[in-house]
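Undergrad:
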């Protein structure tokens, strides 16, 4: 039987708990993306905070707290089969113990790879997020491959602790907002965000001039530049536009 | 504002041949009004030469009284001149930083009037940035040779990292190309700063609240290809700097001819990028692989082979030590195998405790097998497919390189 969860992390953890402690499923899927067929046999799992926490405790005790981070990051990825990889990883861990950080095993390698991808994108966006000053609010829009807004918010809300700021994920219509006190996530209506006019700021112009002056022509290497800043990220990066 | 843009262009142009741009080495939460620093460093963009841009790298002024032959800013060169005021620098850094364009400031300067005057100006800019704007982000500052010791120390408490550029590794080349600079005036302040860093570390271990002095340490830069100095001489110099002055990094900058002068390579000479690349590889071997300069080069072989990297060349010269058994040899020995770096060596040591590693496991671990396979065995089995002889391996690797290049062009 397949288990379907509501798309939240807590929902997924509840399903994982049922899978290992109650009855093993044939797979755990998010309701939103589940493709029903005539032969499919499924159960909708009701999200339960207690069971979810029990599952987290189990992973922490039997594997490691780092494993929880690995699972959480992977859960935020856009990898289609992430649930399956997490199940395999946890299953091995419950038997073998601390398998966090292993690359060589076929059941740990895929999850480790997904984790690396998500961390890499998180790290990359700490650098290539661009803010615009709109009436004193720092506003940024971006479209990351993975759902990393909650991973980068702690960094920016500390760095700009005296500013109001919004980081808007235009792919998921989701925003991280910081109000000089705390940060939170919310869904944003696209119309609200469209109100933010794309006015050219003087500092954007200066930054572009700087960006062009700092390059050394005798060392031109567009291939390297492309590897570091792939085209898909460029539309929201000030210096690559206009 | 237009005036400011013009200045920015001129003073960024003048600073860009300084290659260092790293913002790593300090982990600091926002202790002021704005800014933090991450130990791993953050790159914010990459320019069309493929180099990372992390810091706003500018000169305070390009009005130089010195006449170093290789330098674009030397007094006898006919270029546009400009100077920033300390407030202008601070404000620009703050506004760029707010928009997350940069990770911090790298402030350098030509020697305007005299060394102390120049350093005082730099100091003022940093004070405004740190105290008026409450900036808690990363600052790298250039040490101007012949600046008074007090001023240097003051800068050390404002900045995270300081660098004095050696530029040329021998007194002879300095005399020839930078007659106003002397090895002594470059090395003495580096020694003093290192002593101060050590002292400060000691002090901080006793008083938690003691102010930090250059928490990200010192770096320097050497030019490659402007003088006759060999790779051996450059690498030996680097080793001394790492050993004696605990430098964090030595940067190498392939000389780009910016001026016609009989003492220098002609203006249309291509910068020796490949040579620079080999020096960086060797530098990595010194810092992370426990190699010594004398293992890589000698009085007889004074320059790196451009075809094969320094590590595999070392392996060719010591072929008797191979193959090494992946499931047995120590971490240090793993590091000596071409295709294995600190990351994969660490993983091997950790993961072989769970089960013996085979060839496929190594692939997942991230070992570069196209090089490593000639130098290892996995549980006794050799996967190279040819005899372990440098000539054969070179031939095989060369074959691969050729087919790669053909498909690339």
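Protein chains in written order, with my numbering: chain P, 49 to 290; chain U, 5 to 413.
Glycine included, each C-beta is placed from N, C-alpha and C at the ideal position.
Would you kindly report the start and end of the unbroken beta strand (DSSP E) that includes residue 58 of chain U?
TA: Per DSSP, residue 58 of chain U belongs to no beta strand (DSSP E) and is neither H nor E.
Undergrad: Closer than 6 Å by C-beta to residue 82 of chain P: which residues in its own chain qualify, once you throw out the five before and the five after it? Chain order, please.
TA: The residues are 52.
Undergrad: Spatial neighbours of residue 113 of chain P within its chain, please: C-beta separation below 7 Å, excluding the five flanking residues on both sides.
TA: Hits under 7 Å: none found.
Undergrad: Which residues in chain U sit within 8 Å of residue 181 of chain P, going by Cβ to Cβ distance?
TA: In chain order: 102, 103.
Undergrad: Report the three-state DSSP secondary structure of residue 123 of chain U (helix, strand or coil).
TA: DSSP places residue 123 of chain U in helix when its eight states are reduced to three.
Undergrad: When the Cα atoms are used, what is the spatial distance from residue 212 of chain P to residue 19 of chain U?
TA: Cα to Cα, residue 212 of chain P sits roughly 34 Å from residue 19 of chain U.
Undergrad: Could you tell me the distance, in whole angstroms, from the CA atom of residue 484 of chain U to the CA atom of residue 32 of chain U?
TA: Since the displayed chain U opens at 5 and closes at 413, residue 484 of chain U lies outside it and no answer follows.
Undergrad: Among U/108, U/50, U/401, which one has its Cα closest to the Cα of residue 271 of chain P?
TA: That would be U/50, whose Cα lies nearest to the Cα of residue 271 of chain P.
Undergrad: DSSP three-state call for residue 404 of chain U: helix, strand or coil?
TA: In this structure, residue 404 of chain U counts as helix in the three-state DSSP scheme.
Undergrad: According to DSSP, is residue 335 of chain U helix, strand or coil?
TA: Note: residue 335 of chain U maps to helix in three-state DSSP.
Undergrad: Using a C-beta to C-beta distance shorter than 7 Å, which residues of chain U count as neighbours of residue 255 of chain P?
TA: 100, 105, listed in chain order.
Undergrad: Work out the CA separation of residue 151 of chain P and residue 355 of chain U for me, nearest whole Å.
TA: Straight-line Cα distance between these residues: approximately 8 Å.
Undergrad: State the CB to CB distance for the pair residue 178 of chain P and residue 96 of chain P, rounded to an integer number of angstroms; the pair is presumed to be in contact (CB under 8 Å).
TA: The pair is not a contact, with the Cβ atoms about 41 Å apart (cut-off 8 Å).
Undergrad: Which of the three DSSP states, helix, strand or coil, is assigned to residue 285 of chain P?
TA: Correct three-state label for residue 285 of chain P: coil.
Undergrad: Answer yes or no: does any C-beta atom of chain U fall closer than 8 Å to that of residue 115 of chain P?
TA: So, not an interface residue.
Undergrad: Measuring straight from C-alpha to C-alpha, what distance separates residue 352 of chain U and residue 365 of chain U?
TA: Between residue 352 of chain U and residue 365 of chain U, the C-alpha separation is close to 9 Å.
Undergrad: Would residue 376 of chain U count as contacting chain P if we go by Cβ distances under 8 Å?
TA: Answer no: the Cβ-Cβ gap between residue 376 of chain U and chain P never drops below 8 Å.
Undergrad: I think residue 266 of chain P touches residue 275 of chain U, with their Cβ atoms under 8 Å apart; what is that distance to the nearest whole Å?
TA: Indeed they touch by this definition, with Cβ atoms about 6 Å apart.
Undergrad: Under 8 Å between C-beta atoms, does residue 16 of chain U make it to chain P?
TA: Cβ-Cβ to chain P under 8 Å: yes for residue 16 of chain U.
Undergrad: Return the Cβ separation of residue 160 of chain U and residue 200 of chain U in integer angstroms, given the expectation that the two are a contact with Cβ distance under 8 Å.
TA: Confirmed, about 6 Å.
Undergrad: So with CB distances below 8 Å, who are the chain U contacts of residue 191 of chain P?
TA: Ordered by position in chain U, no residue passes the 8 Å Cβ test against residue 191 of chain P, which lies about 16 Å from the chain.
Undergrad: Along the chain, where does the beta strand (DSSP E) that runs through residue 146 of chain U open and close?
TA: Run containing residue 146 of chain U: 142-146, per the beta strand (DSSP E) assignment.
Undergrad: When the Cα atoms are used, what is the spatial distance from residue 243 of chain U to residue 297 of chain U?
TA: Rounded to whole angstroms, residue 243 of chain U to residue 297 of chain U spans 7 Å at the Cα level.
Undergrad: Residue 253 of chain P to residue 198 of chain P, Cα distance in whole Å?
TA: Their Cα atoms are separated by approximately 30 Å.
Undergrad: Going by other Cβ atoms of all chains shown within 10 Å of its Cβ, with 16 needed for buried, is residue 74 of chain U buried or exposed?
TA: Classification of residue 74 of chain U: buried, given that the 10 Å Cβ count is 16 or more.
Undergrad: Is it the case that the Cβ atoms of residue 176 of chain P and residue 133 of chain P are separated by a distance below 8 Å?
TA: For residue 176 of chain P and residue 133 of chain P, no; Cβs fall outside 8 Å.
Undergrad: At which residues does the alpha helix (DSSP H) containing residue 205 of chain P begin and terminate?
TA: First-last of the alpha helix (DSSP H) with residue 205 of chain P: 197-207.
Undergrad: If you draw a straight line from the C-alpha of residue 281 of chain U to the C-alpha of residue 56 of chain U, how long is it?
TA: Each residue's Cα considered, the two are about 16 Å apart.
Undergrad: Does any residue of chain P bring its CB to less than 8 Å from the CB of residue 85 of chain U?
TA: No, its Cβ sits nowhere closer than 8 Å to a Cβ of chain P.
Undergrad: Taking the continuous beta strand (DSSP E) assigned at residue 156 of chain U, which residues delimit it?
TA: No beta strand (DSSP E) contains residue 156 of chain U, which is instead part of the alpha helix (DSSP H) from 153-162.
Undergrad: Quick one: is residue 404 of chain U buried, meaning 16 or more other Cβ sit within 10 Å of its Cβ, or exposed?
TA: With fewer than 16 other Cβ atoms within 10 Å, it is exposed.
Undergrad: Pick helix, strand or coil for residue 227 of chain P, following the three-state DSSP scheme.
TA: Three-state result, residue 227 of chain P: strand.
Undergrad: Look at the Cβ atom of residue 23 of chain U, then the Cβ atom of residue 292 of chain U, and state whether they are nearer than 8 Å.
TA: Not a contact, by the Cβ cut-off of 8 Å.
Undergrad: Identify whether residue 412 of chain U lies in helix, strand or coil by the three-state DSSP scheme.
TA: Reliability fails at residue 412 of chain U, whose pLDDT of 49 lies under 50, so the model's placement of it is uncertain and no value is given.
Undergrad: Would you grab the beta carbon distance between residue 88 of chain U and residue 15 of chain U for me? Rounded to a whole angstrom, and I think it's under 8 Å.
TA: About 6 Å; that satisfies the 8 Å criterion.
Undergrad: Kindly say whether residue 275 of chain U, judged by its beta-carbon, lies nearer than 8 Å to any beta-carbon of chain P.
TA: Chain P contact via Cβ: present.
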